[in-house]
Amino acid sequence: MDTRSTTEEKAVQRSKSFSFKTQKEVCASCEKTVYPMERLVANNLVFHSTCFCCKHCNAKLSLGTYAALQGEFYCKPHFQQLFKNKGNYDEGFGRKQHKELWASKETNNITKTA
Numbered sequence: 001m002d003t004r005s006t007t008e009e010k011a012v013q014r015s016k017s018f019s020f021k022t023q024k025e026v027c028a029s030c031e032k033t034v035y036p037m038e039r040l041v042a043n044n045l046v047f048h049s050t051c052f053c054c055k056h057c058n059a060k061l062s063l064g065t066y067a068a069l070q071g072e073f074y075c076k077p078h079f080q081q082l083f084k085n086k087g088n089y090d091e092g093f094g095r096k097q098h099k100e101l102w103a104s105k106e107t108n109n110i111t112k113t114a
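33 is the number that full-length UniProt numbering gives to position 33 of the sequence shown; each next residue is one higher, with no gaps.
Set out below in structure tokens:
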């Protein structure tokens, strides 16, 4: 009887059934496979380290040098330039807006010169 060959076949079958298949991750920018050595995760999105760039200037970003807004990534200087709050900080503190002060000065100057 050849019991030896049947046990060897079972061992071989077990080793074939076991695999290192992992779920392939895809770059959010280029949509190609991302391998572990080039993997970068920002805002729960996976990127190649070379694909993680500023939307405005295309500069390469790192985890410490980016800012995100609505799923778009920017370098910090361009983020501040593009999305900096603009306005009158006196408004809401019980003070008059600067625009109103300027408007009243303009009307006074017009009446004085006329």
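No residue lacks a Cβ here, since even glycine has one placed at the ideal position from N, Cα and C.
Predicted model, so just to flag it, every value in this text is computed and none were measured.
Among the bridge pairs identified by DSSP, Glu72 is matched with Leu69. Counting along the chain, the unbroken beta strand (DSSP E) around Ala42 starts and ends at 39-42. Residue environment analysis places Val41 among the exposed positions, since fewer than 16 neighbouring C-beta atoms fall within 10 angstroms of its C-beta. In the displayed model, Phe52 falls within coil according to three-state DSSP, outside both helix and strand.
Beta-bridge partners of Glu25 (DSSP): Val34. Under the three-state reduction of DSSP output, Leu45 falls in the strand class. Setting aside the 5 residues that flank it on each side, Cys54 is surrounded in the same chain by Leu61, Phe73, Tyr74, Cys75, His78, each with a C-beta closer than 7 Å to its C-beta; the list follows chain order. Annotated as distal: Glu31 and Val46, with beta-carbon spacing of 8 Å or more.
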